[in-house]
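The block underneath contains the structure these notes are about, expressed in structure tokens.
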Amino acid sequence: MFAVILFTRYTQLSRDTLKISYRQADVTYRRVIRFWCILAAIFFTPLFLWEDVLAQVSLDRISVAARSDGKGYVIRLHLNTAPARFSVVQPETNLLQFTFDGVTVGYSDLVPKPVSPIKDIFIADSPDGTGIDFQLNDGEYYLARTYLDANRRHVLIALTRASANEVKAIADKTDLIRRGNQPVNNITEVVDTALTPDPEDTFDRLFNQRQTLKFEVIVIDPGHGGKDPGSIGTRGTKEKDVALQVAKRIGAYINEFLPELKVVYTRDDDRFVDLDERGRIGNRAQGDLFISIHANSVRSRNAYGTEVWILGMHRTQEAFEVMKRENSVIRFEDKDETAMELSQEQLMIYELANSGNMASSVYFAELLDRQFTQRAGRRSRGVKQAGFQVLYHASMPAVLVELGFISNPNEERFITSDYGQSILASAIFRAVRDYKEQIERSQQERDTSR
Numbered sequence: 002m003f004a005v006i007l008f009t010r011y012t013q014l015s016r017d018t019l020k021i022s023y024r025q026a027d028v029t030y031r032r033v034i035r036f037w038c039i040l041a042a043i044f045f046t047p048l049f050l051w052e053d054v055l056a057q058v059s060l061d062r063i064s065v066a067a068r069s070d071g072k073g074y075v076i077r078l079h080l081n082t083a084p085a086r087f088s089v090v091q092p093e094t095n096l097l098q099f100t101f102d103g104v105t106v107g108y109s110d111l112v113p114k115p116v117s118p119i120k121d122i123f124i125a126d127s128p129d130g131t132g133i134d135f136q137l138n139d140g141e142y143y144l145a146r147t148y149l150d151a152n153r154r155h156v157l158i159a160l161t162r163a164s165a166n167e168v169k170a171i172a173d174k175t176d177l178i179r180r181g182n183q184p185v186n187n188i189t190e191v192v193d194t195a196l197t198p199d200p201e202d203t204f205d206r207l208f209n210q211r212q213t214l215k216f217e218v219i220v221i222d223p224g225h226g227g228k229d230p231g232s233i234g235t236r237g238t239k240e241k242d243v244a245l246q247v248a249k250r251i252g253a254y255i256n257e258f259l260p261e262l263k264v265v266y267t268r269d270d271d272r273f274v275d276l277d278e279r280g281r282i283g284n285r286a287q288g289d290l291f292i293s294i295h296a297n298s299v300r301s302r303n304a305y306g307t308e309v310w311i312l313g314m315h316r317t318q319e320a321f322e323v324m325k326r327e328n329s330v331i332r333f334e335d336k337d338e339t340a341m342e343l344s345q346e347q348l349m350i351y352e353l354a355n356s357g358n359m360a361s362s363v364y365f366a367e368l369l370d371r372q373f374t375q376r377a378g379r380r381s382r383g384v385k386q387a388g389f390q391v392l393y394h395a396s397m398p399a400v401l402v403e404l405g406f407i408s409n410p411n412e413e414r415f416i417t418s419d420y421g422q423s424i425l426a427s428a429i430f431r432a433v434r435d436y437k438e439q440i441e442r443s444q445q446e447r448d449t450s451r
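In structure tokens:
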């Protein structure tokens, strides 16, 4: 508001001074500018004094865990808020230098105890801010990259195994950062657990602190729609119609038997929705679980059974073909079709930043696969992974369900029948119910242990 008033007064004065002589205008201009500069200095000075306080970032601890793909490790810096700028360099093959650029970082009273692959850690001030040096084990070679995690607070350093020559080529082109001679004074106590694996870094704990065990909103995504029919069955069945019909049945079951859950549809009629917008709909609704409903199709008329998919790198040609088919909706969007396939780097970044969500996705996918087999009597084709765009954009546990093969005449009749859709929707509902009950049990155990 102050800046607006200042600009308005200056503009009005400039117009008025044009009516008088050049010399008078110049004198008036100087006097006014001098007056407003003094006033602005008085007004803004406290803001500058407060800037350092507002920029204070606190490092609570450091943890490290093996990556789920087996290709290295993830170092997690647990912060109260994300720094505005940060970077990592590798001036030696066994030395990583991480810097919070332009920020003085506050620390809790701990010195992390080194564990593999980290041999030693040194924390100190540097000319550019505050630095953390990680000395790696001799004979182990990693390339490092940094990211913010999904909650936009913690900083992740991804270590990817590489050859000695690859790492040396990077180190030879990188200058060593000269740190201060003394470590930060208030780091005094050794905490043995500082570098033990954290639930947010691993897949072996299902419900971690970041998720706060909340399960209030479920997002149901009927695949395709509008100008995108999806796959076409042997009798002309459109995948988009089957997906919407089953999605609405799932929602009806939840509304009837789990009324405390809010159901959000990415579409509730025959309209086209971009893949990334589907994820954004779920994110805006603060969804806790995302289920994308589809029907499969292949050249063989004999293929049958259900599949449950989570996000990840495709490991088989079959997974690649399913991913291409479900991502092919991009051809209906105003986007480059080369964006159809997610890169390995995109998926790695997602996995590092969303490890908690992916753990829960795997757990729910297994519950769902079990219900399809036991409740619906369906042949299970397993829980698989591939780079689905629609799952990539959902910032929550997410699965993609292939209800069956409409390229198989018998499957098509079952999937389009009232009985078949009821059985399939019931199986998905039961998996949601079991997932909810597990979250509630975990919350009760946490509350009891406090």
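339 is the number that this note's numbering gives to position 338 of the sequence shown; each next residue is one higher, with no gaps. We put the CB at the ideal spot given by N, CA and C, even for glycine.
Asked                                                                                                                      : Found
Option in L312, Q445, E367, D370 with minimal Cα separation from M397                                                      : L312
Among I221, R179, R272, nearest to G252 - alpha-carbon criterion                                                           : I221
G73, enclosing beta strand (DSSP E) - first and last residue                                                               : 73-80
Alpha helix (DSSP H) segment containing A172, residue limits                                                               : 165-173
Residues that DSSP places opposite P223 in a beta bridge                                                                   : I294
Same chain, Cβ closer than 6 Å to E167, five either side skipped, listed in chain order                                    : none
Proximity of F80 and V89 at Cβ, strictly below 8 Å                                                                         : Residue 80 is actually Leu in this sequence, not Phe. No, they are not a contact pair.
Beta-bridge pairing of A286 - partner residues as DSSP gives them                                                          : DSSP output for A286 lists no bridge partner at all.
Through-space distance from V309 to S362, alpha-carbon basis                                                               : 10 Å
Residues near E334 in its chain [Cβ-Cβ closer than 7 Å; skip 5 each side]                                                  : Residue placement at E334 cannot be trusted, given a pLDDT of 41 that sits under 50; what the coordinates show is reported in the next sentence. Excluding positions up to five away in sequence, the list reads D275.
Exposure label - I233; buried when at least 16 CB within 10 Å                                                              : exposed
Where R24 sits in the DSSP three-state scheme                                                                              : Note on R24: pLDDT 47, under 50, position unreliable in the model; no value is reported.
Nearest residue (CA-CA) to V400, options V391, F406, I407, S408                                                            : V391
Identity of the residue in R281, F216, I294 nearest G231 by Cα                                                             : I294
Contact the stretch 258-273 vs the stretch 374-382: 3+ CB pairs below 8 Å                                                  : no
Beta strand (DSSP E) runs contained entirely in the stretch 392-448, provided each spans 3 or more residues                : 399-406
R236 vs S408 beta-carbon contact at 8 Å                                                                                    : no
DSSP-derived helix/strand/coil call for I233                                                                               : strand
Nearest-angstrom Cβ-Cβ length linking V264 and N256, presumed shorter than 8 Å                                             : 6 Å
Distance between beta carbons of T417 and V243, contact taken as under 8 Å                                                 : 6 Å
Supposed close pair F365, L290 - CB separation, criterion 8 Å                                                              : 7 Å
Chain-order list of residues whose beta-carbon lies under 7 Å from that of S381 (same chain, five-residue window excluded) : G306, T307, D370, F373, T374
DSSP state of R376 mapped onto helix, strand, coil                                                                         : coil
heavy atom of the ligand ADP below 7 Å from G280 C-beta                                                                    : In the structure shown, the ligand ADP is absent, as is every other ligand, since no ligand is present at all.
Bridge-paired residues (DSSP) for A253                                                                                     : Looking at the DSSP assignment, A253 forms no beta bridge with any residue, so it has no partner.
Collapsed DSSP secondary structure at A85 in the structure displayed                                                       : coil
Contact check, A165 vs Y142, beta carbons under 8 Å                                                                        : yes
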